[in-house]
Amino acid sequence: MQRYAFALFAICAVAVYAILVLRPDPAVEFEAELSGMEPAEALARLEARDGRVDLTENLRLLQARLATAAGDLDAARAAYEEIIATGSPTARLFDELADVAALSGDLAAAAAFKARAQDMEPQADRRQALGYWYRLLGDEAEETRLLVATAPERLTDFERERLAALLLARGETDAYRDLHMAISETGGEGALAARRRLLELGIDAGRPDEALELALGWFRMEPHRKEGLDASLRTLVGRGALDQAVRLATVAVGTDPEIGPVPVTAFIDTGHGGIGRRLQALWLAGDAGLDGQDWQALVRVAERTGDLTGLREALARASHRRSPDGIAADAPPPATVFLQFLRYQGARALLPYQGAMTSQTFEGAPLVGAAWYGWLRQPTATYDYLLAAAEGPLTDWDRAIWMSVASDLRGTPFFRSLLAGAPRDAGLRELLSRDVRSPVATDARAESSAPTGG
Amino acid sequence: MAIAILSAPAANAACRDEGEVPRTVLALYDGARVPGPRATRIHRYAEMTLNHLGYRLVYVDVSEVAARAPALPEAPLAATLSWFDAPLDDPGGFAAWRAGLADACGARPATVVFGHTGLSEAAAASEAGATYLGGLGLTWAPGEIPVGAHSSVEVIDPDLLGAETAFEPHPGAYARIEALDPGQSHLRLRSGGTAIDLLILGPRAAYVEDSALVRDDPRGGPLWTLDLPELLERVLDRPPWPIPDTTTLSGRRMFFATVQPEGWLMPLPARQFGERPPLASEVLETEVISAYPDLPFTVAPLAGDLDPAIAGPAADRARPVAERILGLPQVQVATSGLSMIQDWTFFASYSPDAEREALASGAVPREDRAILSTAFRNLGSAFADPTTSALDIAPGAPRKYAGLPFDLAAETNGAIARIAALAPDDRWPRMFLWTGNATPFPDAIAAVQAAGAWNIGGGGGLAPDTRPSLANLWPLGLETPGGLQIYNALSNDEPYTDFWTGNLSGFQALAQTLDRTETPRRLKPFHLAFSARSVVDFAGQQSVLRHLERARAAEVAPVSATRYAETVAGFQRMRAVAEGALAWRIEDRGGLQTVRFDQAAGLALDLDASDGPIGARRHGTSLYVALDPADPDPQIVLAEVDAPTGMIATDPAPALVQARAEVLAANHDACSLQATLLGYGPVDTEWLGKPGRIYEVTLYDRDGRTRRHWEQVTADANGLIAVPLPLPPGVAAEVSIATPCSPGQ
């Protein structure tokens, strides 16, 4: 009997102990109670309890968030600062406090809180928001410090540009250079921009050979990277470091002739036709095959300089070169090739290349077709291609050629039809209307006007 | 206001009136690069400031100006403004056209060039090009100048640059442009031994290079380097003239509220297990709209949300809520259409197959729908049958309800008729709110107008402390071939809260936007735009209520959204004709009832000499003149006198200073004023009489016979009479304020 009583007593004691130990913490109970209330009521309960009992960190945080939502920003800020003083603040908490400060109209304080969050937990979004706030505050020193503290490859393209501008504005040229050196090693468009800036920096500082060494180093690292070479050349030329640009181009073409179009185009585009033509010769001497881009470069040279040597050489080579199985080693010449011959030497100059011209050639450059068939005295085809060419757009030069070819149809129904029509090209419309008013022929070129027989 | 010109060639119209004040600016854009006025930087960044200064914009595509000269408006031209980024396809043709441009009255407009001049180097060297550039006060030499690390700023005008962010030279190749007398440089860079000018002002001309204009910062938004208002005021040679004002009515900042339908069917979070939480629209009714009978709300339910055949069973619960709300006296009935369009451009040339494909390609697997972004879930309807809302299935769907093929008539006048059936008989929906991307195609605008409704949506803007730039504010609207699209005056809570996915308390920052757009210049009215979704969260609801409390306490003139729309439409048409050095006649202003004079510290409204104004009030350095709505062509005469109230008069008849009500009509004689007022409950009013005079104030019902209120008040030492009036909410009433006349008055 005593044993039973003792066992019963022990069970009851254990039960009471369990109840006491497992009873929920009052704070947790209170939190649960608050979660079932309307937010306004929950906030009122918290505020009533505040000051009378210590609120746990969770309850204080809830109070801060509810006060923020209710628009009581002073109370919210006090609650957040209480947590910071007595608890273990997190980055997110500082973010929230920053938002409260911003809503209160204290952007400087908001930036300070956001900076603490960033220090605790660096994040791209946070850094960008903070950087913008520093800009709004006019605090370039802090904005610079924030961006410098992050590895350049982790900054966004905009942040890198912004940091560069800030460093320049502060006269920190060495840091500006170091930044671009770091970026130049990364991939993508940002690296190209950085390389341009580094070259400019060297040239502007009176050290163009230093810039050349950089450009040569990049080329040797990535000899097939056309856009990189193009950017380097155009920057050197644009900044007046012409000698250095020529040296870079010569090394590039000598190393890899297939990259020839890049320097040739760069020099032609920047107004250095003579250099472009010399490089063209170097390139063609070494290039194994011509692709579409190669033809475009050759056309560019001819178009800008009037020198058709490269095109002649390429056409002659293309007609003779075949692989062992008889397939052409080069891409077919595009229509614009023949347009250059027409422009500079007239339709007669197309005669040696009649075998290379196809119906696709004439579709691609109908003015060539018009001039060719005009030279062959085939008015129907001439007329058809003139109509196609009139769809435009045409340069002034091409319009003059068009009028010249068209004038050979004078006296035929084709010519009357051309006068009555409405070409899409506005310049042609004007020339034709002048022709109606003044039947005397214009002083267009006469290259295609001398028939030499079929 | 943007007005697009169709490119059909036509002879220029005859000059309307030699004295008409030029307030039309031709906005020149390159149609070969930009699809239309809405996409131009002029519209996005510069037009708001021009609208504020009183200028309406007419957009002209100059890409083919030589072949097809655009028709010019009848109105006299104040200026042309261009903002190209490359040479035009026909730069010579453009230069010739612009150099010879004169308006219908033969006057040559000022020239403002932002960014690229639009000319090529060759065109610049032509005679026309040289004339054009000479008019700008600059010369352009061939070649480019590199700007980089070793360039320096030699000249910089701090009054014109650094408005919102400091000017920094941007590395690159720059055109060799220099000021040419009489042009003067206000921003000069030196690079190597060469100087170039980036900001040049000449007589009635300005050139500003791109790097000195707006700097885009993707971290937080664009910032102006240029002080645009200052530049325009220098170039446009603005002596005082009556600026049509769209922010003020009865001497107070206008207030109006628009309520969009997003979230109408959305239930609030349940607090207790098993409870049936209210819908957002129910909370809208009880906690927001009904709680503020003294403020007007333009409420625009979606017709589709209220039809169970479209929205499912939730519509049965939401429909009576809509009926109750639309029946409240302070509510103006409106609609947002039938199916909640998200992408209006998609429906410009509608294809059911394209919509099916869009839904199929954008569909999220059913098991993943729980993690759809909160914003898109918000736009759907958690309570409705989940299959009825396309947004629940495919967040990028072009509209919410895709069960029926799109029909423009059903979406516009059909929806209007559906909502009208829910509203009291005397309240036809007179406003249509655009949803989604708010870029309606012209036929949609025309359909809404044909149904007898105004429209509003898109545009807006915000300017809190974290995004304070004027570049974040949009202009008044956009004229399209289908009619005028009126923009929101200010943005709703979506950008403040990242479409309810970010800081839900963020909408509190509207208060900062309101402050920033009130002083030093009143740029915008107080427009509170929100939706049913805004009240789902405690934070959002509290934000809305705080702003309503502000509207209740602030000195505003509460009006409906249509009232604002009428004002904006009036801005477009108004003409001011000078009749003397400080006298103007105002014509064709439609519903616009306030004109403003800037830098008017030493000017006052001469009530004796004027005919039509009913009062005036100063705000900052501006003078706001209130006009009698019943007078179609008032004459305004100012006097050069420093009157604190902004008005002078010899007669003791009271003049309006300010009122929390709209004046619908006014008559006065030497000693009394009778006015018809419309308010939303008891209002404060203030009038200017003669110091020490006793005035009898009587308020009648609209019939003019039933007296509601009477009192005697004495004008204070400054002649001011403060009169609170117990106006009935939403119903016009007649007020008489009179003082005994002395012989001779």
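Residue numbers (UniProt numbering), protein chains in the order written: chain S, 1 to 454; chain H, 1 to 745.
Every residue gets a Cβ at the ideal spot worked out from N, C-alpha and C, and that includes glycine.
Proximity of chain S to F255 (chain H) at the Cβ level (cut-off 7 Å) is not reached, the minimal Cβ distance being about 19 Å.
Unbroken alpha helix (DSSP H) stretches of 4 residues or longer found wholly inside the segment 194-269 of chain H: 228-235, given in chain order. Put simply, of S:L59, S:L93 and S:M181 the residue whose alpha carbon is nearest the alpha carbon of R197 (chain S) is S:M181. Taking CB atoms only, T68 (chain S) has a neighbour in chain H less than 9 Å away. By the neighbour-count criterion, in which 16 or more other beta carbons inside 10 Å mark a residue as buried, N455 (chain H) falls on the buried side. Take D17 (chain H), set aside five residues on each side of it, and the residues of its chain with a beta-carbon closer than 7 Å to its own are V577, in chain order.
Here Q354 (chain S) is exposed: its Cβ has fewer than 16 other Cβ atoms, across all protein chains shown, within 10 Å. Against chain S, the CB of E168 (chain H) has a partner CB under 9 Å away; the residue lies at that interface. Interface annotation for the segment 164-183 of chain S against chain H: A165, L168, A169, T173 and Y176, criterion Cβ-Cβ distance under 7 Å. The beta carbon of Q184 (chain H) sits closer than 8 Å to those of G137, I200, L201 and G202, all from its chain and outside the five residues before and after it, given in chain order. For Q128 (chain S), the chain H residues whose C-beta falls within less than 7 Å of its own C-beta are R219, listed in chain order. Using a Cβ-Cβ cut-off of 8 Å, P39 (chain S) is close to F538 of chain H, given in chain order.
Between the alpha carbons of R546 (chain H) and L605 (chain H) lies a gap of roughly 37 Å. Within the model, the alpha-carbon separation for D392 (chain H) versus G131 (chain S) is close to 36 Å.
When C-alpha distances from A318 (chain H) are compared across H:D703, H:I42 and H:L265, the shortest belongs to H:L265. Comparing C-alpha distances from G403 (chain H) to each of H:A446, H:A423, H:W344 and H:M340 shows the shortest one belongs to H:M340. In the DSSP assignment, D178 (chain S) falls within the unbroken alpha helix (DSSP H) covering T173 to S184. With fewer than three CB-CB distances shorter than 8 Å, the segment 416-435 of chain H does not count as touching the segment 460-468 of chain H. With fewer than 16 other beta carbons inside 10 angstroms of its own, Y4 (chain S) counts as exposed. The beta carbon of F255 (chain H) sits closer than 6 Å to those of F526, A551, V556 and P558, all from its chain and outside the five residues before and after it, given in chain order. Counting along the chain, V577 (chain H) sits inside the beta strand (DSSP E) bounded by residues R575 to G580.
Linking E479 (chain H) to V60 (chain H) through their CA atoms gives a straight-line distance of about 12 Å.
Listed in chain order, the non-local C-beta contacts of K226 (chain S) below 6 Å within the same chain comprise V262, local neighbours out to five positions each way being set aside. Relative to L223 (chain H), the option among H:R521, H:P728 and H:A471 whose CA is nearest is H:A471. Between A285 (chain S) and the set S:G260, S:L308, S:W295 and S:F267, the nearest pair of CA atoms involves S:G260.
Considering only beta carbons, no part of the segment 329-344 of chain H lies closer than 8 Å to chain S. Residue contact with chain H for R145 (chain S): absent (no Cβ-Cβ distance below 9 Å to any residue of chain H).
A distance of 9 Å or more separates the beta carbons of I419 (chain H) and V331 (chain H).
Contact of Q272 (chain H) with chain S by beta-carbon distance below 8 Å involves G36. Burial of I636 (chain H) is indicated by the presence of at least 16 other C-beta atoms within 10 angstroms of its C-beta. Scanning its chain for C-beta atoms nearer than 7 Å, with the 5 sequence neighbours on each side dropped, one finds around W474 (chain H) the residues M48, G459, G460, G461 and Y487, in chain order. With contacts defined as CB atoms closer than 9 Å, S152 (chain H) and R190 (chain H) qualify as a contacting pair. Here N51 (chain H) carries a helix assignment [DSSP, helix/strand/coil].
From the listed residues H:D716, H:I694 and H:T194, the smallest Cα separation to S742 (chain H) is found for H:I694.
A straight line joining the alpha-carbon of F441 (chain H) with that of S281 (chain H) spans about 29 Å. H619 (chain H) sits in a strand when the DSSP states are folded into three classes.
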